[in-house]
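From first to last, the protein sequence lines stand for chains R and W. All residue numbers for the first sequence refer to our numbering, where the first residue is 71 and numbers rise by one. All residue numbers for the second sequence refer to our numbering, where the first residue is 4 and numbers rise by one. Note that the Cβ used here is the ideal one computed from N, Cα and C, for glycine as well. As structure tokens, the structure follows; a few thoughts come after it.
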Amino acid sequence: MKPQDISRRNFLRQAACSGAALTLAAYLPAYGHTTSRIINPVTDGTLPGTELLSWISINPAGKVTLMCNRSEMGQGTFQAFPQMLAEELEVSLDDVEIAFAPANPEKYGPQPQEGSFSVRGWAPRLLHTGACAREMLIEAAAAEWHVSKNECYAENGTVINRKTEKRLPYGALVEKAAKLKPPAEVNLKKRADYKIIGKSAPRKDIPLKTNGSAIFGLDKKLPGMKYAVIERSKRFRETVKNFDDSETRKVPGVSHVFKVNRPVFSQYSEGVAVVADSLWAAMQGRKVLKVDWNDPDSDLPATASLEKQMHENLQKIGRHSKFETEYERCGQKLEASYETPYQSHSCMEPLNCTADVRADAIEIWGPIQEANWIQADLSQRFNVPIERVAVHMTFLGGGFGRKAFPDYPYEAAFISKEIQSPVQVVWTREDDMTAGPFRPGAFYTLKGGLDTQGRIHAFQANTATQWIGQEWSATPPGIPEAAGYNTGDFEGLLHPYRKGIPHYSFGGAGTHSPIPVMWWRSVYASTHGFACESFIDELARLAGKDPLAFRREHLPDPRYQALIDRMSELTNWQSHGKNQGWGAAFTECFTGICGHAVKITRNAEGKVRIEKVIALMDCGWYVNPDIIRAQVEGSIVMALGAATLHATTFEDGKAVQQNFDTYPMPRIADIPPIEVHIMENDEKPGGVGEPGLPPFAPALANAIFDLTGRRIRRLPFSLDEIS
Amino acid sequence: MSSYKLSVNGEAYTVDADEQMPLLWVIRDLIGLTGTKYGCGIAQCGACTVHLSGAPVRSCSFPVSAVGEQPVITIEGLSEDNSHPVQRAWIAEQVPQCGYCQSGQIMSAVALLASNADPDDEAINAAMNGNICRCGTYPRIRKAIKTAAGYSH
Ligand code: FES
Ligand code: FES
């Protein structure tokens, strides 16, 4: 990477808390724009976006503060980002502090926390920034000593003169360094020379999370802050006809009751806010509020009608004649269908946001995954210039995609503006679980045909699902005239299958529904993966081949073959007895490739129990192996819940499950031993937070088939019912 | 509204609250200790776990009027500097991810270890099954409880 526009004007001198800290801001050139914002359209073939990085602050005492521009919801970015900066800056992680950067695309670039993007998207820029800052500090020291830069090197927050062994700490150099022009090119370290990257440095946020001091959104307090809860429409996209707040206003502490709206992209619904001096009072006031609703102008979705629609839509996807011809030529053919439900994100921290809206400025604090997006949304909806919209990220008690949806900050800002006071809007668990957005349910038909060698000759995957894009437009995409042929991608399916299988076809049909839907950890891969990797297992059985060897045969790529081979070793695959109950599955999404193998047994009562899960992650170049292991462990637990314990269903236009009593979560006793292994290679950095989830459900389903001969075609299913 | 005298983490507080107000909101919003979390409000998730006379209770479903003289200990009462063996074990095993459930997990684990110095897997399952972790840190919670048990040997 070559900097093209690193200039002095971007090195901002700032007074920080200490009064004399300097901020080194490196403007990195990746996309070449200086003023465009992330919401600008692409005009000249480059990606829109401003890469002004202002990450490193060193005070005269040598204290280094590194900014983390990503939200921290457990995925470990709070640790991984500083690890990358510190490596090239040559400081010890023990000596740095980490702070959340507020939304500021010009300074910190785009900040959405999704797509498992943190490390894979930012590594080059952060390494480069750290290296630039280091070189400037070295240059400042060289000037001080009147020697050539080449005589000096940096180590542990100090610049050292090789010949004289004189030393100057960064704190003494930073003021001069900040006035220098950043180097046009810097040398980055070799992977073998890393001291911090690739090591399991303990996470800096963890001690805050073991003594109750980490500040989550719900923990934010402002002087004079009020609390609000909202009675939202239970049926999707309802509006308020009228409400009776006479009892509500009698509750001590309740100060305001008024109508609010909840616009989400192109969708709209309403509710009634109850504002009080305490959250408890607001909740009590809400209990006695009476609201009459206008019937929504859409139909009232129910799970039965949604499923009927998905079944019908699958039939309507046009056939591609070339693919059909190839499929018909196959000697052995198989068709199968799979069904997956809607799911709730149910982050452990229910949604909430704190806002302080003044005449010409908006300030919000909250568990926010999409700082820039929310900043832009608020700016537009309230007609306040973007630079007067301050978005502060707290720690997130989980995100999983939900906390990128801009509805809850909007409500907080709306209420604060109305009551002219700071306010915290809190969603109860019931609000959080019933209002959506949800992961959409998806139904599938797969068909595959084998050639005379028992290899896949033709493979088709069709899905009917509610497309996530529907939130952005009033009409979701319909049903295509024909499925594709040897083109496109099916999120979750390993990419090289498209080389190893001569004829393939993917098709999809959108469900029409007013239910809000959104990314849920690993997005479509979470359901596509179940369908595809269960079906590949079915084809392997049809061919009479070992499921791992069968996959390998269709993956003409050494990286993927190595993954299969390693899984084979880790599981001692060849030595499995016939009735041991092993299943494996492999998926890829967000450039992370992951395999799971599940071993099941029957317990004394004849019930199937998971004995062990072995996971193998290939995310290429990586920063912190312990964070990877933690993410994969957590993904497996989340996938276990989605496969065997819970689903969101709908009746009469509303979600049925409201809390953990009817939406049961995996608990400690449900969790088998989990082993996580990481592939070592020099591939580009890949995603971690999401790719560890999709292989679990199909691996478990394949293990159940292996043990019992029963094929799981619908999620969730109860392990207790398998015998 | 009534006035209640509470002992929280060894400090005496007097609060004015509705008798039905759950202890959770008293601790968080009236006393201002925010380490104890709200997760479900119906005694299903354990995020709000505190100790009442040493026993774990779900403070979201425990009215302030029922506390009486019993001393309350919250996560903040274990130690500020993370020196409590369970906190040390949690850091050693790098348990928390998002961290939101962890105050409750730790309070349940502390209560378990107080009554059983060397819990086996069964005992851990029984004591910890009321605490949900959406991030799925359960394998590490199990390990950290065993690590903490080792510290006091
Ligand atoms: S908040 Fe009390 S158990 Fe969930
Ligand atoms: S660490 Fe996130 S819910 Fe437990």
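Closer than 7 Å at the beta carbon, the chain R residues around residue i
| i | result |
| --- | --- |
| W/A120 | Ordered by position in chain R, no residue passes the 7 Å Cβ test against W/A120, which lies about 19 Å from the chain. |
| W/E83 | N281 |
Cβ of residue i within 8 Å of any chain R Cβ
| i | result |
| --- | --- |
| W/Q47 | yes |
| W/C51 | no |
| W/R61 | no |
| W/G38 | yes |
| W/D123 | no |
| W/N12 | no |
Cα-Cα separation between residue i and residue j, rounded to whole angstroms
| i | j | result |
| --- | --- | --- |
| R/G704 | R/M735 | 13 Å |
| R/I774 | R/Q379 | 29 Å |
| R/M637 | R/I698 | 17 Å |
| W/A15 | W/L9 | 6 Å |
| R/Y223 | R/K233 | 11 Å |
| W/E79 | R/M295 | 23 Å |
| R/G524 | R/I670 | 28 Å |
| R/R780 | W/I148 | 38 Å |
| R/L789 | R/R679 | 7 Å |
| R/P550 | R/G577 | 8 Å |
Partners in chain W for residue i, counting only beta-carbon separations shorter than 9 Å
| i | result |
| --- | --- |
| R/D501 | Near R/D501 there are no residues of chain W at all, since even the closest Cβ is about 11 Å away, more than 9 Å. |
| R/D696 | Q97 |
Residue i: contacting residues in chain R (beta-carbon distance under 8 Å)
| i | result |
| --- | --- |
| W/T77 | G282 |
| W/N132 | R737, I738 and A739 |
Chain W within 8 Å of residue i, Cβ atoms only
| i | result |
| --- | --- |
| R/I276 | yes |
| R/W350 | yes |
| R/F306 | no |
| R/T498 | yes |
| R/A773 | no |
| R/P272 | yes |
| R/D790 | no |
| R/D477 | no |
beta-carbon residue i near ligand 2 non-hydrogen atom, thresh 7 Å
| i | result |
| --- | --- |
| R/R332 | no |
| W/G102 | yes |
| W/R137 | yes |
| R/G36 | Coverage of chain R is limited to positions 71 through 793, which leaves residue 36 of chain R absent and any answer about it impossible. |
Neighbour list for residue i in chain R, Cβ cutoff strictly below 9 Å
| i | result |
| --- | --- |
| W/T140 | G144, A700, E703, G704 and V707 |
| W/G42 | M418, E419, P420, G467, R499 and F730 |
| W/Q90 | P277, T280 and N281 |
Three-state class that DSSP yields for residue i in the structure shown
| i | result |
| --- | --- |
| W/R61 | strand |
| R/M735 | coil |
| R/L404 | strand |
| R/A619 | helix |
| W/C136 | coil |
| R/Q149 | helix |
| R/E158 | helix |
| R/M708 | helix |
| R/W542 | coil |
| R/T309 | strand |
| R/L516 | strand |
| R/R399 | helix |
| R/E255 | coil |
| R/L686 | strand |
| R/M206 | helix |
| R/R232 | coil |
| R/Y264 | coil |
| R/E221 | helix |
Proximal residues of chain W, C-beta to C-beta of residue i below 7 Å
| i | result |
| --- | --- |
| R/K279 | P99, G102 and Q105 |
| R/P322 | M4 |
Residue i: CB within 7 Å of a non-hydrogen atom of ligand 4
| i | result |
| --- | --- |
| R/M418 | With respect to ligand 4, the structure shown offers nothing to examine, as its ligands consist of ligand 1 and ligand 2. |
beta-carbon residue i near ligand 1 non-hydrogen atom, thresh 7 Å
| i | result |
| --- | --- |
| W/Y41 | yes |
| W/A69 | no |
| W/Q47 | yes |
| W/A50 | yes |
| W/R158 | One cannot answer for residue 158 of chain W here, as it falls past the ends of chain W, which runs 4 to 156. |
| W/S106 | no |
Contacts of residue i in chain W (Cβ-Cβ under 8 Å)
| i | result |
| --- | --- |
| R/D362 | Going along chain W, no residue has its Cβ under 8 Å from R/D362, so there is no contact; the nearest lies around 26 Å. |
| R/I744 | P142 |
*Any residues in the segment 409 to 433 of chain R with a beta carbon nearer than 8 Å to a beta carbon of chain A? Which ones, in chain order?*
In the structure shown, chain A does not exist; the protein chains are R and W.
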